[in-house]
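The structure appears right after this line, and notes come after that.
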Amino acid sequence: MNYVTPDLCDAYPDLIDVVEPMFVNFGGKESFGGEIVTIKCFEDNSLVREEVDKPGQGKVLVVDAGGSHRCAMLGDMLAEKAQKNGWEGILMYGCIRDVDVIAQLDLGVQALGSHPMKSVKKGIGEYQIPVTFGGVVFAPGDYIYADNNGVIVSPEPLEMPED
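Our numbering puts the first residue of the sequence shown at 920, with every later residue one more than the last.
Rendered as C-alpha coordinates:
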(Lines of atoms letter the chains of each structure in order from A and count residues from 1; the text may use other names and numbers.)
(Lines give C-alpha, C1' and ligand atoms only; values in the text may rest on other atoms or scores of the structure.)
Protein backbone atom coordinates (compact mmCIF):
# COMPACT_ATOMS: atom_id res chain seq x y z
CA MET A 1 0.00 0.00 0.00
CA ASN A 2 1.10 3.56 -0.66
CA TYR A 3 1.00 5.72 2.46
CA VAL A 4 1.09 9.52 2.39
CA THR A 5 2.02 10.77 5.85
CA PRO A 6 0.64 14.33 5.37
CA ASP A 7 -2.77 12.84 4.51
CA LEU A 8 -2.60 10.54 7.55
CA CYS A 9 -1.64 13.51 9.76
CA ASP A 10 -4.62 15.49 8.43
CA ALA A 11 -7.02 12.58 8.93
CA TYR A 12 -5.79 11.47 12.39
CA PRO A 13 -4.23 14.54 14.11
CA ASP A 14 -5.16 13.39 17.63
CA LEU A 15 -3.99 9.81 17.14
CA ILE A 16 -0.51 10.12 15.67
CA ASP A 17 2.92 11.20 16.88
CA VAL A 18 5.36 12.67 14.37
CA VAL A 19 9.02 11.69 14.56
CA GLU A 20 11.48 14.59 14.41
CA PRO A 21 12.88 14.95 10.89
CA MET A 22 16.19 13.10 10.73
CA PHE A 23 15.73 10.08 8.48
CA VAL A 24 16.80 9.53 4.88
CA ASN A 25 14.85 7.18 2.61
CA PHE A 26 17.22 4.53 1.20
CA GLY A 27 14.88 1.67 0.24
CA GLY A 28 13.25 0.83 -3.05
CA LYS A 29 9.84 1.32 -1.40
CA GLU A 30 9.45 5.04 -0.79
CA SER A 31 6.37 4.51 1.36
CA PHE A 32 5.82 1.77 3.93
CA GLY A 33 3.93 1.02 7.09
CA GLY A 34 2.92 -1.71 9.47
CA GLU A 35 3.01 -3.11 12.98
CA ILE A 36 6.10 -2.17 14.96
CA VAL A 37 8.67 -4.79 16.01
CA THR A 38 11.52 -3.28 18.06
CA ILE A 39 15.16 -4.03 18.68
CA LYS A 40 17.49 -1.98 20.88
CA CYS A 41 21.16 -2.57 20.18
CA PHE A 42 24.34 -0.53 19.88
CA GLU A 43 26.89 -1.22 17.16
CA ASP A 44 25.92 -4.93 17.17
CA ASN A 45 23.40 -6.09 14.56
CA SER A 46 23.10 -9.72 15.72
CA LEU A 47 19.44 -9.32 16.72
CA VAL A 48 18.67 -7.55 13.43
CA ARG A 49 20.07 -10.58 11.59
CA GLU A 50 17.89 -12.94 13.67
CA GLU A 51 14.74 -10.88 13.19
CA VAL A 52 14.91 -10.43 9.39
CA ASP A 53 15.13 -14.23 9.13
CA LYS A 54 11.56 -14.41 10.52
CA PRO A 55 8.33 -13.77 8.57
CA GLY A 56 7.59 -10.04 8.53
CA GLN A 57 4.37 -9.59 6.56
CA GLY A 58 2.61 -6.44 7.72
CA LYS A 59 5.49 -5.49 10.02
CA VAL A 60 8.16 -2.80 10.22
CA LEU A 61 11.39 -3.40 12.14
CA VAL A 62 12.30 -0.37 14.26
CA VAL A 63 15.92 -0.52 15.40
CA ASP A 64 17.20 1.79 18.12
CA ALA A 65 20.91 1.68 17.35
CA GLY A 66 21.59 4.61 19.65
CA GLY A 67 21.98 7.00 16.72
CA SER A 68 25.50 5.69 16.12
CA HIS A 69 27.38 6.99 13.11
CA ARG A 70 30.37 4.67 13.70
CA CYS A 71 29.20 1.58 11.78
CA ALA A 72 26.39 0.19 9.65
CA MET A 73 23.66 -1.87 11.31
CA LEU A 74 22.08 -3.07 8.04
CA GLY A 75 23.63 -4.07 4.74
CA ASP A 76 22.49 -5.62 1.48
CA MET A 77 22.42 -9.23 2.70
CA LEU A 78 20.18 -8.52 5.70
CA ALA A 79 17.97 -6.18 3.66
CA GLU A 80 17.57 -8.91 1.01
CA LYS A 81 16.56 -11.38 3.76
CA ALA A 82 14.02 -8.88 5.07
CA GLN A 83 12.54 -8.45 1.60
CA LYS A 84 12.45 -12.22 1.01
CA ASN A 85 10.64 -12.73 4.33
CA GLY A 86 7.99 -10.12 3.56
CA TRP A 87 8.99 -7.25 5.86
CA GLU A 88 7.35 -3.95 4.91
CA GLY A 89 10.32 -1.89 6.02
CA ILE A 90 13.08 -1.06 8.46
CA LEU A 91 13.53 2.19 10.38
CA MET A 92 17.16 2.37 11.54
CA TYR A 93 18.11 4.90 14.21
CA GLY A 94 21.69 4.48 13.06
CA CYS A 95 23.46 3.87 9.75
CA ILE A 96 23.23 1.37 6.92
CA ARG A 97 25.54 0.41 4.06
CA ASP A 98 25.29 -1.05 0.54
CA VAL A 99 22.87 1.77 -0.27
CA ASP A 100 22.91 1.21 -4.05
CA VAL A 101 21.72 -2.38 -3.66
CA ILE A 102 19.16 -1.50 -0.97
CA ALA A 103 17.70 1.19 -3.25
CA GLN A 104 16.80 -1.58 -5.73
CA LEU A 105 14.93 -3.76 -3.20
CA ASP A 106 11.17 -3.83 -2.70
CA LEU A 107 11.68 -2.85 0.94
CA GLY A 108 11.22 0.40 2.81
CA VAL A 109 14.42 1.47 4.55
CA GLN A 110 15.00 4.73 6.36
CA ALA A 111 18.13 5.50 8.36
CA LEU A 112 20.20 8.40 9.65
CA GLY A 113 22.88 7.91 7.02
CA SER A 114 25.32 5.47 5.49
CA HIS A 115 28.62 4.10 6.76
CA PRO A 116 30.88 1.54 5.05
CA MET A 117 32.02 -0.28 8.23
CA LYS A 118 30.03 -3.33 9.43
CA SER A 119 28.95 -3.75 13.04
CA VAL A 120 30.28 -6.24 15.56
CA LYS A 121 28.44 -9.51 16.21
CA LYS A 122 28.28 -10.29 19.94
CA GLY A 123 24.58 -11.07 20.30
CA ILE A 124 23.98 -8.07 22.55
CA GLY A 125 20.67 -6.23 22.48
CA GLU A 126 17.04 -6.23 23.57
CA TYR A 127 13.99 -7.38 21.64
CA GLN A 128 10.39 -6.13 21.70
CA ILE A 129 10.78 -3.34 24.26
CA PRO A 130 9.54 0.25 23.89
CA VAL A 131 12.30 2.45 22.42
CA THR A 132 12.41 6.24 22.27
CA PHE A 133 14.12 8.51 19.75
CA GLY A 134 13.11 11.46 17.61
CA GLY A 135 10.70 12.60 20.33
CA VAL A 136 8.49 9.51 19.95
CA VAL A 137 8.04 6.22 21.81
CA PHE A 138 7.95 3.20 19.48
CA ALA A 139 6.08 0.44 21.30
CA PRO A 140 5.87 -3.12 19.98
CA GLY A 141 2.41 -3.64 18.52
CA ASP A 142 1.87 0.03 17.65
CA TYR A 143 1.95 1.12 14.00
CA ILE A 144 4.42 3.13 11.97
CA TYR A 145 4.04 4.85 8.60
CA ALA A 146 6.90 6.39 6.63
CA ASP A 147 7.40 8.16 3.31
CA ASN A 148 9.57 10.95 1.90
CA ASN A 149 7.65 13.46 4.06
CA GLY A 150 8.47 11.85 7.38
CA VAL A 151 7.67 9.14 9.90
CA ILE A 152 4.57 8.87 12.11
CA VAL A 153 3.48 6.45 14.83
CA SER A 154 -0.03 5.44 15.89
CA PRO A 155 -1.35 3.12 18.62
CA GLU A 156 -3.73 1.59 16.05
CA PRO A 157 -3.66 0.85 12.32
CA LEU A 158 -4.57 3.76 10.05
CA GLU A 159 -6.47 3.72 6.77
CA MET A 160 -5.56 6.13 3.99
CA PRO A 161 -8.39 8.68 3.68
CA GLU A 162 -10.52 8.74 0.54
CA ASP A 163 -9.85 11.68 -1.78
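C-beta: ideal position from N, C-alpha, C; glycine also.
Start and end of the alpha helix (DSSP H) containing residue i?
i       : result
Ala930  : 924–930
Asp1025 : That residue, Asp1025, is in no alpha helix (DSSP H); it is neither H nor E in DSSP.
Need the endpoints of the beta strand (DSSP E) that residue i sits in, please.
i       : result
Met992  : Run containing Met992: none; DSSP gives neither H nor E here.
Ser1073 : 1069–1073
Lys959  : 951–959
Phe1052 : 1050–1052
Asp979  : Here the sequence assigns Val to residue 979, which means Asp is not the residue at that position. Where Val979 is concerned, the enclosing beta strand (DSSP E) stretches over 978–983.
Phe1057 : 1055–1057
Residue i and residue j: beta carbons closer than 8 Å?
i       : j       : result
Lys942  : Leu1026 : One point to set straight first is that residue 942 is Phe, not Lys, in the sequence displayed. No.
Ala1001 : Gly975  : yes
Gly952  : Val979  : yes
Met992  : Gly1013 : yes
Tyr1064 : Thr924  : yes
Gly1008 : Lys948  : yes
Asp1083 : Tyr922  : The requested residue 1083 is not part of the displayed model; the chain covers only 920 to 1082.
Lys959  : Val1050 : yes
Kindly indicate which three-state DSSP category residue i falls into: helix, strand or coil?
i       : result
Leu1031 : strand
Ile1086 : The structure shown does not extend to residue 1086, since the chain is modelled only from 920 through 1082, so no value can be given for it.
Glu970  : helix
Asp1019 : helix
Glu1045 : strand
Glu1007 : coil
Lys948  : coil
Lys1040 : coil
CB-CB under 7 Å to residue i, same chain, minus the five flanking residues each way: which ones, in chain order?
i       : result
Ala930  : Pro1080
Asp1017 : Gly994, Asp995
Given residue i, which residues of its chain have a CB within under 8 Å of its CB, disregarding the five upstream and five downstream residues?
i       : result
Val956  : Glu970, Gly975, Lys978, Val979, Leu980, Val981, Gln1047, Pro1059
Asp963  : Ser1038, Val1039, Lys1040, Lys1041, Gly1042, Ile1043, Gly1044
Lys973  : Asn1004
Ala1022 : Phe945, Gly946, Gly947
In chain order, what residues of the same chain lie with their CB nearer than 6 Å to the CB of residue i, ignoring the 5 residues before and after it?
i      : result
Asp926 : Pro1080
Handout entry: the segment 938–955 / the segment 1064–1078 touching (three or more Cβ pairs under 8 Å)
Key = yes
Exercise for the section: For the segment 997–1013 and the segment 967–981, state whether three or more C-beta atom pairs, one from each stretch, are separated by less than 8 Å. Expected result: yes
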